[in-house]
Ligand SMILES: [Zn+2]
């Protein structure tokens, strides 16, 4: 139910606004164990849409799903030195089971490279067994100290793809293919524009050769890493003895990739599209695309208007329709609640389109569509709805992406920038800054120390500036890479 207290505005306190939207739109709630969250139906419905769409994309590119256990022998984590160093501080370790102390403690997976590659080692003998292209949908636990609903929680839901290939180049191609899938999903479904590129050595995944990432800019001008794809090289296959006999008959170690996106994307969606009225869900991800609010005074009017609303829902939302023609429609038939209160409630929950139907609309065989993004009201003849609704929703989908891209670009700085101007930018408005980097970890660390900004990625060619920056932002030496800097979640 809507409560009447106004939301904190984004301008007043972005962080408070975010928490209020997540709680009041009933996306999630705090759980008894600190740092855990309950994902409520409104939030889980968005996650389910994300899952279904991504799962189709993975399967269309040859991947299959499997499931590996939650519990991993602690010794497995320790085998890859960088990996254990990266994850040790966040591990949840089970020491007792069935009332007894375990001989070897087991960890709750923080990620599944170790268990999965140890199994692949059993399954792979020859090049004919490759590639393996497996994904799993799962929960993982990382014992984080500072948590935020969806953005950083002790336990979160994600997918993790784990592949094994015969050559470095095949693994690299896979890593890049998945990055492309993530980018397409984020832009075309989440309406969230991203920059893709390579992570610096200090920011890459623990145990990877190379990490690529999708980076989005939130409305408070902080970056959100929304998905990563890693070329793991042969690091894990050497540790877990994942070998195969090549075509030439040589024993070789396989090449691995891993890649994931998580429920963090729901937080990214809130911070990309939400406004001072609440959440905005892009139509393609909305569990409810269209809410019908009936308007009536008398019982007779109520019966007529509700009857028409349910007929529309049955016609346009029938499960018998093919999925691409089926609209996800909800009729708000709640009693004792004024239409205005219902509007407020659905705006808070971010449903893209509201259809108002009153007695006068019925008489004219029309309804009034109200867009969540612009508030624009469009009268639509009932007879045209089957064609008009998808067109309107797709228009909104495009408009949301355009608006998000325009906002990001307006908060992005390119071209020569002095160190003082950079500092002022990071102390002030924030945003993305494209600037040169000499490649030295010391410069990267100094920038982070002094401004909290990090290298979000070394952008892919289509995002790079021309001309390329000539000098390093920090030390003034000649630049080896263009880097995108920002403060980040
Ligand atoms: Zn430098």
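In our numbering, the protein residues as written are 1 to 489. Note that the Cβ used here is the ideal one computed from N, Cα and C, for glycine as well.
Item: First and last residue of the uninterrupted beta strand (DSSP E) at residue 176; Value: Here residue 176 belongs to no beta strand (DSSP E); instead the alpha helix (DSSP H) covers 168 to 188.
Item: Beta-ladder partner(s) of residue 474, from DSSP; Value: Answer is none; residue 474 lacks a bridge partner.
Item: Residue 287 and residue 46 closer than 8 Å at C-beta; Value: yes
Item: Given 8 Å, three or more beta-carbon pairs between the region 440 to 458 and the region 470 to 486; Value: yes
Item: Same chain, Cβ closer than 6 Å to residue 238, five either side skipped, listed in chain order; Value: 253
Item: Cross-strand partners of residue 89 (DSSP beta bridge); Value: The partner list for residue 89 (beta bridge, DSSP) is empty, contrary to what the question assumes.
Item: Neighbour-count burial assignment, residue 183, 16 or more Cβ in a 10 Å radius; Value: buried
Item: Opposing strand residues paired with residue 228 [DSSP bridges]; Value: 213 and 260
Item: Candidates 110, 151, 106 and 166: closest to residue 129 by CA position; Value: 166
Item: Residues that residue 362 bridges to, as DSSP identifies them; Value: Paired residues: none, contrary to the question.
Item: Residue 266 (DSSP reduced to helix, strand or coil); Value: helix
Item: Exposed unless 16 or more other CB atoms sit within 10 angstroms - verdict on residue 256; Value: buried
Item: Residues near residue 362 by beta carbon distance below 7 Å, same chain, minus five either side; Value: 304, 305 and 308
Item: Residue 445: CB within 7 Å of a non-hydrogen atom of ligand 1; Value: no
Item: With 16 other Cβ atoms within 10 Å as the buried cut-off, status of residue 95; Value: exposed
Item: Residue 143 (DSSP reduced to helix, strand or coil); Value: coil
Item: Cβ-based burial, residue 1 [other Cβ within 10 Å; buried from 16]; Value: Its pLDDT being 44, under 50, residue 1 is placed unreliably in this model, and the value from its coordinates should be taken loosely. Exposed is the call here.
Item: As assigned by DSSP and simplified to three states, the class of residue 288; Value: coil
Item: CB of residue 115 within 8 Å of CB of residue 67, strictly; Value: no
Item: Residue 440 beta carbon near ligand 1 (any heavy atom closer than 7 Å); Value: yes
Item: Backbone secondary structure at residue 419 - three-state DSSP; Value: helix
Item: Limits of the unbroken alpha helix (DSSP H) element including residue 310; Value: 299 to 316
Item: Extent of the continuous alpha helix (DSSP H) to which residue 409 belongs; Value: 385 to 410
Item: Residue 477: CB within 7 Å of a non-hydrogen atom of ligand 1; Value: yes
Item: Cβ pair residue 465, residue 472 closer than 8 Å; Value: no
Item: Bounding residues of the alpha helix (DSSP H) (the contiguous stretch that carries residue 43); Value: 41 to 60
Item: Proximity test, residue 277 beta-carbon vs ligand 1 heavy atom, cut-off 7 Å; Value: no
Item: Touching by the beta-carbon criterion (3+ pairs, under 8 Å), the region 179 to 195 and the region 138 to 150; Value: no
Item: Beta-carbon proximity list for residue 542, same chain, < 6 Å, skipping 5 on both sides; Value: Since the first residue shown for the chain is 1 and the last is 489, residue 542 is missing from the structure and cannot be characterised.
Item: Exposure label - residue 418; buried when at least 16 CB within 10 Å; Value: exposed
Item: Ligand 1 heavy atom lying under 7 Å from the CB of residue 485; Value: no
Item: Residue closest to residue 272, alpha-carbon to alpha-carbon, out of 207, 392 and 192; Value: 192
Item: Span separating the alpha-carbon of residue 35 from that of residue 29; Value: 11 Å
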